[in-house]
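Participant: Starting off with a structure, shown below.
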Amino acid sequence: MQIKLDESANTTIQSDMTSKISTSAHHQLERSDRTRVKAWRVATSIGVSFKYAAAGVTYAYNTQRNFRIHCVMGTLAIVIGALLQLSSVEMAVICITSGLVLTLELLNTAIESVVDLTVGQTYHELAKIAKDCAAGAVLISAFASVLVGMCLVIPKAILLFVH
C-alpha cells in the first residue's frame, strides 16, 4: 500500500515527529537529572571537587595495599633523588613517573570497583579482561618507573661511592 502526501502534509508529519522526539528527549533528560541527583552528589564548587578527589585518594590509600606500596616507593625515590642531588629535571622525571604509577593505581581501583558493581559475585570473562588489563597498566608503569629511577640514580650513586 502506498500513501501519497503533498508537501504540506509531509512537513506537518515531520514537525509532529520532531516535537514528539524533543518532548521524549526532554522527559528523558529530566529523568536523567533526577537520577543523577539521587545517584551521587554533584560538586557545587571547586572546593567540594577537591574534597571528593581527596576522598578517592584516601579510600585507595586505606584499602589498596599496592597503592600504599607505590606511595612508599615513590617517596623513597624522591628522597634518594634529593640526597643524590639530582638536577631539577631529573627530579621532575622521578615525580612524574611516580605520579603516573599512583594515577594508574587509582584508575585500576576505579575500574575494579565498577566491574565488581556491574557483575557482582558472578564470573564474566569480559570483567576478568577489564580488571587484568587495568592491573597490567599499573604493572607496566611501575616497571617503567623503576627503570627511570635506575637510569637516574645508579650513575649518581656510582659517582658518589667512587669519590
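Here the UniProt record's numbering is used: position 40 in the sequence shown is 40, and no number is missing along the way.
Every residue, glycine too, gets a C-beta built ideally from N, C-alpha and C.
Note that this is a predicted model, so its numbers are computed, not measured.
#1: Within the chosen definition, does the segment 66–85 reach the segment 93–107 through at least 3 CB pairs nearer than 8 angstroms?
#2: Beta-carbon separation of T109 and A144 under 8 angstroms?
#3: V146 to R68, Cα distance in whole Å?
#4: Report buried or exposed for L152, applying the criterion of at least 16 other Cβ atoms within 10 angstroms of its Cβ.
#5: Spell out a yes or no on whether the segment 130–137 and the segment 112–119 are touching, meaning 3 or more CB-CB pairs, one atom from each, closer than 8 angstroms.
#6: Which term fits I94, buried or exposed, when burial requires 16 or more other beta carbons within 10 angstroms of its beta carbon?
#7: Just verifying my parser: in three-state terms, what is the DSSP assignment at G56?
#8: Helix or strand or just coil, what does DSSP make of L84?
#9: Exposed or buried, I154, counting other C-beta atoms within 10 Å across all chains shown (16 or more means buried)?
#10: Assuming V138 is part of the alpha helix (DSSP H), what are its boundary residues?
#11: If we ignore side chains and look at the alpha-carbon of each, how far apart do F161 and H124 end up?
#12: So what does DSSP say about V119, is it helix, strand or coil?
#13: Can you tell me whether H70 is buried or exposed? The criterion is at least 16 other CB atoms within 10 Å of its CB, across all chains shown.
#14: Have a look at L107 and T118 and give me their C-alpha separation to the nearest angstrom.
Facilitator: Inspection of the coordinates gives the following:
#1: yes
#2: Mapped onto the sequence shown, residue 109 falls at position 109. Mapped onto the sequence shown, residue 144 falls at position 144. Not a contact, by the Cβ cut-off of 8 angstroms.
#3: On the sequence shown, position 146 is the one that residue 146 refers to. On the sequence shown, position 68 is the one that residue 68 refers to. If you take the alpha carbons of V146 and R68, they lie about 16 angstroms apart.
#4: To locate residue 152, count along the sequence shown from 1; it is residue 152. Result: buried.
#5: Taking 8 angstroms as the limit for Cβ pairs, the verdict is that the segment 112–119 does touch the segment 130–137.
#6: Along the sequence shown, one-based indexing puts residue 94 at 94. I94 is buried by the Cβ-count criterion.
#7: Taking the first residue of the sequence shown as 1, we reach residue 56 at position 56. It is helical.
#8: As a working mapping, residue 84 is identified with position 84 in the sequence shown. Coil.
#9: Reading the sequence shown from its first residue, position 154 is the one you call residue 154. Exposed is the call here.
#10: Taking the first residue of the sequence shown as 1, we reach residue 138 at position 138. V138 -> alpha helix (DSSP H) spans 125–162.
#11: By one-based count along the sequence shown, residue 161 stands at place 161. By one-based count along the sequence shown, residue 124 stands at place 124. For F161 and H124, the distance between alpha carbons rounds to 54 angstroms.
#12: Numbered from its first residue, the sequence shown carries residue 119 at position 119. Three-state result, V119: helix.
#13: Locating residue 70 in the sequence shown gives position 70, where the first residue counts as 1. So H70 counts as buried.
#14: On the sequence shown, position 107 is the one that residue 107 refers to. On the sequence shown, position 118 is the one that residue 118 refers to. Cα to Cα, L107 sits roughly 16 angstroms from T118.
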